[in-house]
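Chains as they are written, first to last, in our numbering: chain S, 74 to 305; chain B, 9 to 369. Glycine residues also receive a C-beta, built at the ideal position from the N, C-alpha and C atoms. Worksheet: one structure, shown below.
What follows is the structure, encoded as structure tokens:
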């Protein structure tokens, strides 16, 4: 049985991932048929490559249908329940860096911490007839983070794009979103809370504990890991 | 056992509400918050409407009562029994509950005591002797906090955390140790220090315009300005050792109910506070429990017992058989208003966990 590694199928994540593998002496072949999502590493018949979208990679790692995968820590933690029991974050790959943050309107001059947000959320309904609304695509990360800060009374508004525009559009009061430089957040007149960084995310080599691992596959995992680690 | 309990409760609470297993999720999420979503089973209908499997009976019964009592001050006592669904980390996700809700009766003391009496009697009639009641009171804690004349935001936060002892203690510690925070040099801080509400409102409005935020859409400039001033005042505030001691001593109180009035009076005298109307109600409740034939030796007053959900008000109680807490209840006068009732509906009730009861056997 060969080691199955899931690699992002498009975009910058794909390019960077292929690059990191190539530098480590593992040349991933572009599939001969461009419609195919399966490929190989040149000269290695013990490794299979599966090209998948970044969020699919997290799901496949969760069920163990791939051994290793390259995807963002944000997607892994958002997609996989009890993340650290299900997967191992083997290696940070040094690209795809972005923070998952809690941001509120700049005009909320009285809110700079999660504790402030807690105060605001507590009497939101009494004042405005509805709960404080948070726009995000990160349901799980938001619920965990707000729970850790003792904030229970708010509502999540699902946002699948342009989350940072939700407060100005009036569809939410604050957001949980991903940002790499913070410029989109500032451009939308929002500010990140002082203690509002939920996660410093980047692309990781992630191993599934759910996959079937033989001694040979574990040895292969170590080989891939040490080759990549030497070049990251 | 479930049938026996339920038929006993139906004798004292004859009103019935037909509560479906599939419920609209919104009332639960609006009252208990997004945090509840992880603990209930959510499902969506084909038109995108979000439902959940009944996680409890109180909210649906309140919604039913709001519906039938529109335009009247109807008093009803509902007994219920059935399966509730909760996501647990492991183990079962279906639990059997039996309980009672007393809605619309403004005589708080009488209905509080009736509720506790009905619960303990139902248990003893079904063979559970020696149930121990622990009783707390949200309003008394609010009075203690109020007597300390803390900045409003701090007082509200303490009251909100009541029922989560570690949260309350963490706040007391932080407020005692934090020292006086330095206020910033920025314009908002200067305006807030000067108490200049109009200046702050103008400052916030300018920022809202810059961010294309509709002023009517959410937090108003006025609310932001007022909270900014509160926050600056809070920065200047430090909890003195005496006040911290009063809070801790109050929360540590745990006495047999027969001794509770005297203990509270002694505490009030020592700390120079008055329990006022909340105290009067507490004393009346103790007397009413006694004359209702409740065994005060089996009831403990525990000052720290509470729930940090905003709709609870007044009395709270838990009933244990042996070491297992098998039932809980209390007063939640704010719940029906939260659920959209345009008039206040007084409410008190309890639920018995059949699974816990079996565990206690």
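Under 9 angstroms Cβ-Cβ, which residues of chain A neighbour residue i?
i                      : result
residue 225 of chain S : Of the protein chains in this structure, namely S and B, none is chain A.
Quick one: is residue i buried, meaning 16 or more other Cβ sit within 10 Å of its Cβ, or exposed?
i                      : result
residue 222 of chain B : exposed
residue 308 of chain B : buried
residue 114 of chain B : exposed
residue 274 of chain S : buried
residue 283 of chain B : buried
residue 72 of chain B  : buried
residue 366 of chain B : exposed
residue 56 of chain B  : exposed
residue 348 of chain B : exposed
residue 140 of chain S : buried
residue 288 of chain B : exposed
residue 40 of chain B  : buried
residue 195 of chain B : exposed
residue 22 of chain B  : exposed
residue 369 of chain B : exposed
residue 182 of chain B : exposed
residue 74 of chain S  : exposed
For the alpha helix (DSSP H) containing residue i, list its first residue and its last residue.
i                      : result
residue 279 of chain B : 268-279
residue 220 of chain S : 212-221
residue 116 of chain B : 116-133
residue 325 of chain B : No alpha helix (DSSP H) holds residue 325 of chain B; the beta strand (DSSP E) holding it covers 323-329.
residue 201 of chain S : 197-201
residue 364 of chain B : 362-368
residue 318 of chain B : First-last for residue 318 of chain B: undefined, no H or E at that position.
residue 152 of chain S : 146-152
Can you tell me which of the three DSSP states residue i falls into?
i                      : result
residue 16 of chain B  : helix
residue 291 of chain B : helix
residue 65 of chain B  : coil
residue 350 of chain S : Nothing can be reported for residue 350 of chain S: it is not among the residues displayed for chain S, which extend from 74 to 305.
residue 95 of chain S  : helix
residue 165 of chain S : strand
residue 98 of chain B  : coil
residue 103 of chain S : coil
residue 128 of chain S : helix
residue 59 of chain B  : strand
residue 77 of chain S  : strand
residue 21 of chain B  : coil
residue 296 of chain S : helix
residue 82 of chain B  : coil
residue 123 of chain S : strand
residue 89 of chain S  : helix
residue 303 of chain S : coil
residue 341 of chain B : coil
residue 10 of chain B  : helix
residue 236 of chain S : helix
residue 352 of chain B : coil
residue 134 of chain S : helix
residue 335 of chain B : strand
In the DSSP assignment, find the unbroken beta strand (DSSP E) run with residue i in it and report its ends.
i                      : result
residue 104 of chain B : 102-111
residue 35 of chain B  : Unbroken run through residue 35 of chain B is the alpha helix (DSSP H), 34-40; no beta strand (DSSP E).
residue 159 of chain S : Note, residue 159 of chain S: premise wrong, no beta strand (DSSP E); alpha helix (DSSP H) at 156-159.
residue 112 of chain S : 111-114
residue 264 of chain B : 262-264
residue 310 of chain B : 307-310
residue 50 of chain B  : 50-52
residue 229 of chain S : 228-231
residue 172 of chain S : 171-178
residue 207 of chain S : 206-209
Is residue i close to the ligand MG? I mean its beta-carbon at under 6 angstroms from any heavy atom of the ligand.
i                      : result
residue 149 of chain S : As presented, the structure is devoid of all ligands, the ligand MG included, so that no description of it is given.
| said: Give me the subset of the segment 159-179 of chain B whose CB atoms are less than 9 angstroms from a CB atom of chain S, sorted by chain position. | reply: 161, 164, 165, 168, 169, 172, 175
| message | Quick check on the DSSP output: what are the complete alpha helix (DSSP H) runs of length 4 or more inside the segment 192-256 of chain B, in order along the chain? | response | As summarised for the segment 192-256 of chain B, the continuous alpha helix (DSSP H) elements at least 4 residues long and confined to that stretch are 195-201, 205-218, 229-243, given in chain order.
| query | Can you list the alpha helix (DSSP H) stretches of 4 or more residues lying completely in the segment 137-193 of chain B, in chain order? | reply | 146-155, 160-169, 173-185
| request: Please list the residues of the segment 240-255 of chain S that have a C-beta atom closer than 7 angstroms to any C-beta atom in chain B, keeping them in chain order. | output: So the list reads 240, 241, 243, 246, given in the order they occur along the chain.
| task | Can you give me, in chain order, the residues of the segment 153-183 of chain S that have a beta carbon less than 7 angstroms from any beta carbon in chain B? | result | 178, 179, 180, 181, 182, 183
| Which parts of the segment 244-291 of chain S are runs of the alpha helix (DSSP H), unbroken and 4 residues or longer, counting only runs that do not cross its ends? | Counting only runs of 4 or more, we get 256-260.
| task | Check distances from the C-beta atoms of the segment 215-231 of chain B to those of chain S and list, in chain order, the residues that come in under 8 angstroms. | result | 215, 216, 218, 219, 220, 221, 222, 225, 226, 227, 229, 231
| said: At a CB distance below 9 angstroms, what residues from the segment 187-216 of chain S approach chain B? Give them in sequence order. | reply: Only those residues of the segment 187-216 of chain S whose C-beta falls short of 9 angstroms from the nearest C-beta of chain B are listed: 188, 189, 191, 192, 193, 194, 195, 196, 197, 198, 199, 200, 201, 203, 204, 205, 206, 207, 212, 213, 215, 216.
| Positions along the segment 191-206 of chain B whose CB lies within less than 8 angstroms of some CB in chain S | 196
| message | Output needed in chain order: residues of the segment 289-322 of chain B with a Cβ under 8 angstroms from some Cβ in chain S. | response | Flagged, chain order: 318.
| message | At a CB distance below 8 angstroms, what residues from the segment 24-38 of chain B approach chain S? Give them in sequence order. | response | 37, 38
| task | Quick one: which residues of the segment 265-299 of chain S get their C-beta closer than 7 angstroms to a C-beta of chain B? List them in chain order. | result | none
| query | Of all the residues that make up the segment 121-155 of chain S, which are near chain B by a beta-carbon distance shorter than 7 angstroms? | reply | none
| said: Output needed in chain order: residues of the segment 347-367 of chain B with a Cβ under 7 angstroms from some Cβ in chain S. | reply: Those residues of the segment 347-367 of chain B that come within reach of chain S (Cβ to Cβ, closer than 7 angstroms) do not exist; the list is empty.
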